[in-house]
Amino acid sequence: MGDLSGHREAFARTFGTGGAPRVFFSPGRINLMGAHLDYNGGPVMPTAIDRGTFLAVRTRADRRVVMASTLDDGARIEFELDRLPETRTGRWADYPLGVLREMHALARTLGRERNPRGADVLFGGNLPVGAGLSSSASICVGTAHALDALWELAAPRMELVDVALRAERGFVGVRCGIMDPYAVGLARTGHLLWLDCKDRSHAYLPLDTGAITIAVADSLVRRELAQGAFNERVSQCARAFALLSPHQPGAECLRDIRLETFTSRAASMPPEIARRANHVVHEVARTFAARDALTRGDPRGFGAEMFRTHESLRDLFEVSVPELDRLVASAAESPGCFGARLTGAGFGGCAVLLIEKGREAEVSARLVDDFAREFGRAPRVDFFGGDAGPREIA
Ligand code: GLA
1 MGDLSGHREA FARTFGTGGA PRVFFSPGRI NLMGAHLDYN GGPVMPTAID
51 RGTFLAVRTR ADRRVVMAST LDDGARIEFE LDRLPETRTG RWADYPLGVL
101 REMHALARTL GRERNPRGAD VLFGGNLPVG AGLSSSASIC VGTAHALDAL
151 WELAAPRMEL VDVALRAERG FVGVRCGIMD PYAVGLARTG HLLWLDCKDR
201 SHAYLPLDTG AITIAVADSL VRRELAQGAF NERVSQCARA FALLSPHQPG
251 AECLRDIRLE TFTSRAASMP PEIARRANHV VHEVARTFAA RDALTRGDPR
301 GFGAEMFRTH ESLRDLFEVS VPELDRLVAS AAESPGCFGA RLTGAGFGGC
351 AVLLIEKGRE AEVSARLVDD FAREFGRAPR VDFFGGDAGP REIA
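Under the numbering used here, the first residue of the sequence shown carries the number 1, and numbering increases by one thereafter.
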């Protein structure tokens with residue numbers, strides 16, 4: 001937690017000295033398998049990383065909540081706890097504001113309506129925004145945990161995950177799946193989360209961190225229209241399900257469509273919709289295959305599924321960009337790399353790599369050289385440890 005003292009100093013600069021703030025950390029996440037499956041009811045395999053959001057929080061004597069972020073020059077945004085805005089502002093603060101509204105409502109539901117109090121909150125951290133590492137879920141789940149502690153609500157961990165999800169889907173209005181807040185909120189060090197997005201059941205799969213290093217290569221490409229393109233994929237998958245479900249009795253989501261059903265109907269579907277369904281149907285099978293590989297201690301088998309996933313995201317789901325394709329191609333040509341794919345929604349952002357322990361430098365040098373030759377600049381390659389999930393750190 002290298003920047004803890006820096007964050008405390010920034011808090012004092014923004015809100016003044018007098019009473020040390022409580023400090024919380026909430027991680028980001030990467031997704032290793034199950035690409036674009038969460039909103040199709042499929043299984044996903046994310047894990048939290050040791051980069052994320054810092055929240056320094058101090059109770060106020062009045063009923064105002066004042067928020068600022070080190071990533072936004074410390075500009076202060078203020079709310080009256082008993083008159084929280086009904087509509088979003090279009091700024092970053094919509095995420096914690098959505099959570100604030102949900103936590104305020106939760107306090108009432110729990111019969112603790114007298115507990116919420118005003119607070120000064122400073123956000124910051126070391127997670128790149130818009131890189132596909134889920135800075136939004138990190139902020140939302142972290143805010144829910146911090147307010148839960150500050151207001152002594154003692155809400156169950158799962159309830160705080162749901163608060164974050166409701167805030168993003170409701171107040172902020174993003175059509176996100178359930179993976180990100182679950183990955184952040186239920187994180188366990190040294191494990192991948194196996195989350196079945198149809199019934200929300202989950203389990204933990206140990207990752208052999210003695211043999212495998214997780215790397216993230218940031219293409220530094222950021223697409224402004226990524227949210228619209230993401231929503232379009234969600235709509236296209238819903239369309240695919242509407243076309244296929246009459247031929248699959250009992251199917252409740254696209255994940256339930258069997259390969260034979262898809263194959264027999266594909267030619268009758270609009271080609272673009274068929275490509276999206278093709279990705280989903282095969283990604284479900286790949287994700288189960290990857291779990292089997294992990295369970296039998298076969299990182300190369302696991303990585304092979306990741307490479308296939310990337311090809312499918314590039315050719316069928318069409319969410320990659322040339323920079324990410326370059327990174328994954330270089331990874332595939334590096335003997336020390338087990339597997340790689342774009343992570344998050346795509347349209348720029350990061351590739352995630354599984355590397356054989358001890359060969360990090362060799363793989364990373366190859367990625368940087370190849371990328372620089374093609375694009376005239378270097379990607380950012382980082383090595384991440386796992387994380388235990390949102391918690392108070394000071
Ligand atoms: C984004 C969304 C997630 C998930 C991924 C794709 O990160 O927030 O819910 O759909 O894309 O797997």
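Idealized CB from N, CA, C, for every residue including glycine.
Where LEU254 sits in the DSSP three-state scheme:
On the sequence shown, residue 254 is found 254 positions in, with the first residue counted as 1. DSSP places LEU254 in helix when its eight states are reduced to three.
Touching or not, the segment 363-377 and the segment 230-242, by the rule of three or more beta carbon pairs under 8 Å?
Between the segment 363-377 and the segment 230-242, the count of Cβ pairs shorter than 8 Å is below three; the stretches do not touch.
To which residues of the same chain is LEU4 closer than 8 Å at the C-beta, ignoring the five residues directly before and after it?
If you number the sequence shown from 1, residue 4 lands on position 4. Around LEU4: VAL23, PHE54, ILE393, ALA394.
Is there contact between the segment 257-265 and the segment 295-314, where contact requires at least three CB pairs shorter than 8 Å?
no
HIS7 versus GLU318: straight-line alpha-carbon distance, rounded
By one-based count along the sequence shown, residue 7 stands at place 7. By one-based count along the sequence shown, residue 318 stands at place 318. The straight-line gap from Cα to Cα measures roughly 39 Å.
Can you tell me whether CYS350 sits near ligand 1, meaning its C-beta is under 8 Å from at least one heavy atom of the ligand?
As a first step, residue 350 is located in the sequence shown; it is residue number 350 there, counting from the start. Outside the cutoff, so no.
Would you be able to state if there are at least three C-beta pairs under 8 Å between the segment 280-289 and the segment 324-337?
no
Any idea if GLU102 is buried or exposed, counting beta-carbon neighbours within 10 angstroms, 16 or more meaning buried?
By one-based count along the sequence shown, residue 102 stands at place 102. Buried is the call here.
Could you work out which residue in HIS202, PRO181, CYS197 is closest to HIS191 when comparing CA atoms only?
Working through the sequence shown from its first residue, we reach residue 191 at position 191. Among HIS202, PRO181, CYS197, the Cα nearest to that of HIS191 belongs to HIS202.
Using a 10 Å radius around the Cβ and a threshold of 16 neighbouring Cβ atoms, would you call VAL129 buried or exposed?
Numbered from its first residue, the sequence shown carries residue 129 at position 129. That one is exposed.
For ASN31, which residues does DSSP report across the bridge?
Translated into positions along the sequence shown, residue 31 becomes position 31. Bridge partners of ASN31: PRO46.
Identify whether GLU78 lies in helix, strand or coil by the three-state DSSP scheme.
Your numbering for residue 78 matches position 78 in the sequence shown. Here GLU78 sits in strand by DSSP.
GLU80: which of SER364, ARG117, ARG51 sits nearest, CA to CA?
Within the sequence shown, numbered from 1, the residue matching residue 80 stands at position 80. Of SER364, ARG117, ARG51, the residue nearest in Cα terms is ARG117.
Please determine whether the Cβ atom of HIS36 lies at a distance below 8 Å from any heavy atom of ligand 1.
Taking the sequence shown and counting its residues from 1, the one referred to as residue 36 is at position 36. Indeed, a heavy atom of ligand 1 lies less than 8 Å from the Cβ.
VAL99 and SER26: beta carbons closer than 9 Å?
On the sequence shown, position 99 is the one that residue 99 refers to. On the sequence shown, position 26 is the one that residue 26 refers to. No, the Cβ-Cβ distance between VAL99 and SER26 is not below 9 Å.
Does VAL221 come out as helix, strand or coil in the three-state DSSP assignment?
Along the sequence shown, read from residue 1 onward, the residue named residue 221 stands at position 221. In this structure, VAL221 counts as coil in the three-state DSSP scheme.
Any non-hydrogen atom of ligand 1 within 8 Å of ASN31 CB
For the purposes of this step, residue 31 is taken as the residue at position 31 of the sequence shown. The answer is yes for ASN31.
Buried/exposed call for PHE15, threshold 16 Cβ in 10 Å:
Mapped onto the sequence shown, residue 15 falls at position 15. Its Cβ being crowded by 16 or more others within 10 Å, PHE15 is buried.
Using DSSP with H/G/I as helix, E/B as strand and the rest coil, what is GLY142?
In the sequence shown, residue 142 corresponds to position 142, counting from 1. Looking at GLY142 - three-state DSSP - the assignment turns out to be helix.
Between the segment 107-125 and the segment 150-158, are three or more C-beta pairs nearer than 8 Å?
yes
Is CYS237 close to ligand 1? I mean its beta-carbon at under 8 Å from any heavy atom of the ligand.
For the purposes of this step, residue 237 is taken as the residue at position 237 of the sequence shown. With a cutoff of 8 Å, CYS237 does not count as near ligand 1, since its C-beta is closer than that to no heavy atom of the ligand.
Closest residue to ALA329 among ALA345, PRO21, ARG112, VAL352 (Cα-Cα distance):
Stepping through the sequence shown from its first residue, residue 329 is reached at position 329. The option with the nearest alpha carbon to ALA329 is VAL352.
Report the option in LYS357, TRP92, ALA48 whose CA atom is closest to the CA atom of GLU168.
Locating residue 168 in the sequence shown gives position 168, counting from the first residue. Minimum Cα distance to GLU168 is reached at TRP92.
Using only CA atoms, which one of MET33, ALA215, ASN40 lies nearest to LYS357?
Walking along the sequence shown from the start, residue 357 turns up at place 357. Closest by alpha carbon: ALA215.
Distance, Cα to Cα, VAL66 vs ARG88?
Residue mapping note: residue 66 aligns to position 66 of the sequence shown, counting from 1. Residue mapping note: residue 88 aligns to position 88 of the sequence shown, counting from 1. Going from the Cα of VAL66 to the Cα of ARG88 covers about 16 Å.
Anticipated Cβ contact below 8 Å, ARG275 with LEU316, distance rounded:
By one-based count along the sequence shown, residue 275 stands at place 275. By one-based count along the sequence shown, residue 316 stands at place 316. Their Cβ separation, rounded to whole angstroms, is 4 Å, which keeps ARG275 and LEU316 in contact under 8 Å.
Look up ARG58 in the DSSP assignment and say whether it is helix, strand or coil.
Along the sequence shown, read from residue 1 onward, the residue named residue 58 stands at position 58. Note: ARG58 maps to strand in three-state DSSP.
In the DSSP assignment, what are the bridge partners of ASP387?
Walking along the sequence shown from the start, residue 387 turns up at place 387. In DSSP, ASP387 forms no bridge with anything.
Distance between beta carbons of CYS197 and GLY177, contact taken as under 8 Å
The sequence position of residue 177 within the sequence shown is 177, counting from 1. The sequence position of residue 197 within the sequence shown is 197, counting from 1. 7 Å between Cβ atoms; contact.
Is the segment 30-44 in contact with the segment 103-113, if contact means three or more CB pairs nearer than 8 Å?
no
Where the beta strand (DSSP E) through GLY125 begins and ends
If you number the sequence shown from 1, residue 125 lands on position 125. Here the beta strand (DSSP E) through GLY125 covers 119-125.
Three-way DSSP call (helix, strand, coil) for ALA394 in this model:
In the sequence shown, the residue the question calls residue 394 occupies position 394. Correct three-state label for ALA394: coil.
Using a threshold of 9 Å, state whether the C-beta atoms of THR213 and GLU360 are closer than that.
As a first step, residue 213 must be located in the sequence shown, where it is residue number 213. As a first step, residue 360 must be located in the sequence shown, where it is residue number 360. Yes.
Quick one: using the 10 Å Cβ neighbour count with 16 as the cut-off for buried, is GLY173 buried or exposed?
Taking the sequence shown and counting its residues from 1, one reaches residue 173 at position 173. Burial call: exposed.
Can PHE230 be considered in contact with ligand 1, in the sense that its beta carbon sits closer than 8 Å to one or more heavy atoms?
Taking the sequence shown and counting its residues from 1, one reaches residue 230 at position 230. Yes, ligand 1 has a heavy atom inside 8 Å of this Cβ.
For MET1, collect the residues of the same chain with a Cβ closer than 7 Å to its Cβ; drop the 5 residues on either side in sequence, then sort them by chain order.
Sequence index remark: in the sequence shown, residue 1 carries index 1 (1-based). Bear in mind that a pLDDT of 43 at MET1, under 50, signals an unreliable position, so the number given afterwards is only what the model happens to contain. Answer for MET1: PHE25, ILE393, listed in chain order.
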